[in-house]
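Trainee:
Numbering (the numbering used here), first residue to last: 7 to 668.
Laid out in structure tokens, this is it:
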């Protein structure tokens, strides 16, 4: 009852009107103040006129403004800035672009590891445009920036960034390959990390989970880039061009002032060292060889495991009706096999260049495992999937997509020619078993007989195999191989195609090098030598062919001299009208004509008609003043060197003494 009474009381109190106290305005504040202040709004450099010397994009933005937008949080802003920088790089001249090179290069390289894939793609386009704009000497001081971001991308935790790092490596190899080769010691270990993981001190193959590519395609891409990097190590600078550029010929004239510069431009030359593993300490060749061996000990087991995964050797099941062909592999295995064999051969060539004893180490260490994992019961390989890809449209589409994963493997075919030729060279260089080498020689003979399917790449690899086969062996099979090559060279006389050019180069090497002297008594090889001068009677000939033939002439082989005696008059008649192709300049063309005249020195069969024709050619200046003078000097030299020879006895007649310079 008490609580109810209290509630009624509180309700009445709440309903009462509350009276507020009086509040007066402060004195003097009820007057309106009409004074006010104004502050300027200044937008800096808004109306500043653009400098004519600045590089501007199509949207009239300079390089500084575009670079500042590369750090913007918005993806569209970053992509527009990259597009603007790319437009600037493409539109401006190389001289004006150099001053902005450091800023633009560092900004573009930093976005290679951006989280957005579109930004990374645009940054790669910008880097390609930048590197194509400048020379190798200009990019050399800044190359450490590119290599640092490349290593960062190759070791990034994001799989998509690691995949795009291979595209950056492609750009760098294409535009500045020698600089990449100089830093091979930093990049080579990264390739092992891309396809394997270190667990307990042992390297095992890793899976490519979460990426756009399958495990096989990813490994094929990584191995292909590794092959490109190793290939760049073997490329040597063209010293001939440097010497020609450094030596300037000045024609003296008493009536004209000659201005000869005392100083010439000295440009920085990139140092392309072979696997410079230790640039700071200047490691010796032996230590570099040791590091190559250490790298091979880590890499080769992974390469063999990679191939075993995609092409395991299946044992035949007696209950199965299908015949299992151990030589037949899939298209994916074909591409991986090509990459693996090419990498092993490149590493082996690097060992041979550094230390010949290392080849014996390689043969002792890996000959057995290579034979068991790659060669035994499987060589030569074939790929029925590639041979029958036109039958099934779906299968053809899959094969075409697979071949595009790795550039340069579009030559893959069902016969696996490149793969088998690479394995043939590997067997000849490493395996000592005669049976293995004989099987390789038989395969090479079959390739030669089916030469219609060989292109330039096949011919180059086949020549390497032929050189390896003839280097040490002197058995019956090698002589049969040479007989096949010589007979084909007789059939394809003119070296105007890759295959015929390969035959000419190989046989000319046999004739020039004394290590192949045990093959010089081959009947087919002698026939080829005797018909070789006939090439100089053709209307068109390559400069390389002329030089090779004149070098073979200096060996004074009986077979070649006999052929030269029959063709020398036709060769001399062809000195003026012949068209010499593949020459660098007119000086080289004239040198080739002079070398054709030099063949006269090696002629042994002389007669009066021939000397009489030479007399007429000298009197009528048939060869021109310089070549005629050279011919007279040559005949004088021959007469002095062979005083009792047939030529000297004929030239003593009074009517022919004018041919000599007495």
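Where is the CB? At the ideal position from N, CA and C, for every residue including glycine.
In this text, all values refer to a predicted model and were calculated from it rather than measured experimentally.
Under the rule that 16 or more other beta-carbon atoms within 10 Å means buried, what is residue 154, buried or exposed?
Mentor: Exposed.
Trainee: Determine the DSSP secondary structure at residue 251, reduced to helix, strand or coil.
Mentor: Confidence at residue 251 is low in this model, with a pLDDT of 41, below 50, so the placement of that residue is unreliable and no value is reported for it.
Trainee: Measure the beta-carbon distance from residue 6 to residue 196 and round it to whole angstroms, keeping in mind my assumption that it falls under 8 Å.
Mentor: Summary: the structure shown does not reach residue 6, with the chain confined to residues 7 through 668, and so no result is reported for it.
Trainee: In terms of residue numbering, what span does the alpha helix (DSSP H) encompassing residue 346 cover?
Mentor: Per DSSP, residue 346 belongs to the alpha helix (DSSP H) from 337 to 360.
Trainee: Could you give the uninterrupted runs of the alpha helix (DSSP H) lying entirely in the region 480 to 529, keeping only those of 4 residues or more?
Mentor: DSSP runs (the alpha helix (DSSP H)) wholly in the region 480 to 529: 482 to 497 and 504 to 518.
Trainee: Can you tell me where the alpha helix (DSSP H) holding residue 458 begins and where it ends?
Mentor: Residue 458 -> no alpha helix (DSSP H), and no H or E assigned at all.
Trainee: Name the DSSP beta bridge partners of residue 62, please?
Mentor: According to DSSP, residue 62 bridges with 68.
Trainee: Quick check on residue 331: does DSSP put it in helix, strand or coil?
Mentor: The answer is coil: DSSP assigns residue 331 none of H, G, I, E or B.
Trainee: Pick from 562, 611 and 13: whose alpha carbon is nearest that of residue 573?
Mentor: Of the candidates 562, 611 and 13, the one whose C-alpha sits nearest the C-alpha of residue 573 is 611.
Trainee: Mind checking whether residue 432 and residue 335 have CB atoms under 8 Å apart?
Mentor: Going by C-beta atoms, residue 432 is not nearer than 8 Å to residue 335.
Trainee: For residue 650, does the count of other Cβ atoms within 10 angstroms reach 16, so buried, or fall short, so exposed?
Mentor: Residue 650 is exposed by the Cβ-count criterion.
Trainee: Quick check on the DSSP output: the beta strand (DSSP E) that includes residue 640 runs from which residue to which?
Mentor: Where residue 640 is concerned, there is no enclosing beta strand (DSSP E), although the alpha helix (DSSP H) it sits in stretches over 631 to 647.
Trainee: Restricting to Cα atoms, I'd like to know which of 627, 383 and 544 is closest to residue 580.
Mentor: Residue 544 is the option with its Cα nearest to residue 580.
Trainee: Tell me whether residue 177 sits in a helix, a strand or coil according to DSSP, three-state version.
Mentor: Reduced to three states, the DSSP call for residue 177 is helix.
Trainee: Grouping DSSP H, G and I as helix and E and B as strand, with all else coil, what is residue 563?
Mentor: It is coil, neither helix nor strand.
Trainee: What number of angstroms, rounded off, separates the C-alpha of residue 491 from the C-alpha of residue 366?
Mentor: Rounded to whole angstroms, residue 491 to residue 366 spans 29 Å at the Cα level.
Trainee: In the structure shown, what three-state DSSP assignment does residue 16 receive?
Mentor: Looking at residue 16 - three-state DSSP - the assignment turns out to be helix.
Trainee: Determine the extent of the beta strand (DSSP E) in which residue 617 is found, giving its start and end residues.
Mentor: Run containing residue 617: none in the beta strand (DSSP E); it sits in the alpha helix (DSSP H), 614 to 625.
Trainee: Just checking my contact of residue 617 with residue 577 at CB under 8 Å: how many whole Å lie between their CB atoms?
Mentor: At roughly 16 Å, the Cβ-Cβ gap does not stay under 8 Å, so residue 617 and residue 577 are not in contact.
Trainee: Report buried or exposed for residue 97, applying the criterion of at least 16 other Cβ atoms within 10 angstroms of its Cβ.
Mentor: That one is exposed.
Trainee: Using 8 Å as the threshold, is the C-beta distance between residue 221 and residue 214 below it?
Mentor: Yes; because the gap between Cβ atoms is below 8 Å, this pair is in contact.
Trainee: Quick one: Cα of residue 225 to Cα of residue 202, how far?
Mentor: Distance between the alpha carbons of residue 225 and residue 202 is about 10 Å.
Trainee: Near residue 540, which residues of its chain fall below 6 Å by C-beta distance, leaving aside the five closest residues on each side in sequence?
Mentor: So the list reads 573, once near-sequence residues are dropped.
Trainee: Assuming the contact rule is C-beta atoms closer than 8 Å, residue 345 and residue 229 should be a hit. Round their C-beta distance to whole Å, please.
Mentor: That pair is a contact at about 4 Å.
Trainee: Going by other Cβ atoms of all chains shown within 10 Å of its Cβ, with 16 needed for buried, is residue 231 buried or exposed?
Mentor: Buried.
Trainee: What is the DSSP secondary structure of residue 450, counted as helix, strand or coil?
Mentor: Helix, per DSSP.
Trainee: Going by Cα to Cα distance, which pick from 613, 615 and 562 is closest to residue 607?
Mentor: If we check each option's Cα against that of residue 607, 562 comes out closest.
Trainee: Is residue 543 helix, strand or coil when you go by DSSP?
Mentor: DSSP places residue 543 in helix when its eight states are reduced to three.
Trainee: Following the continuous beta strand (DSSP E) through residue 204, name the residue where it begins and the one where it ends.
Mentor: 202 to 205 is the span of the beta strand (DSSP E), which, as asked, contains residue 204.
Trainee: What does a CB cutoff of less than 6 Å around residue 483 pick up in its chain, not counting 5 residues either side in sequence?
Mentor: These residues qualify, in order along the chain: 444 and 447.
Trainee: State buried or exposed for residue 78, treating a residue as buried only when at least 16 other CB atoms are found within 10 Å of its CB.
Mentor: Under this definition residue 78 is an exposed residue.
Trainee: Skipping 5 residues on each side, what residues in its chain have a beta carbon closer than 8 Å to that of residue 93?
Mentor: So the list reads 63 and 64, once near-sequence residues are dropped.
Trainee: Out of curiosity, what's the CA-to-CA distance linking residue 199 and residue 542?
Mentor: Each residue's alpha carbon lies about 56 Å from the other.
Trainee: Taking just the CA atoms, how far does residue 442 sit from residue 522?
Mentor: C-alpha separation (whole angstroms): 22 Å.
Trainee: Below 8 Å on the Cβ atoms is my guess for residue 435 versus residue 464; work out the distance and round it to an integer in Å.
Mentor: Contact doesn't hold; Cβ gap of about 19 Å is too wide.
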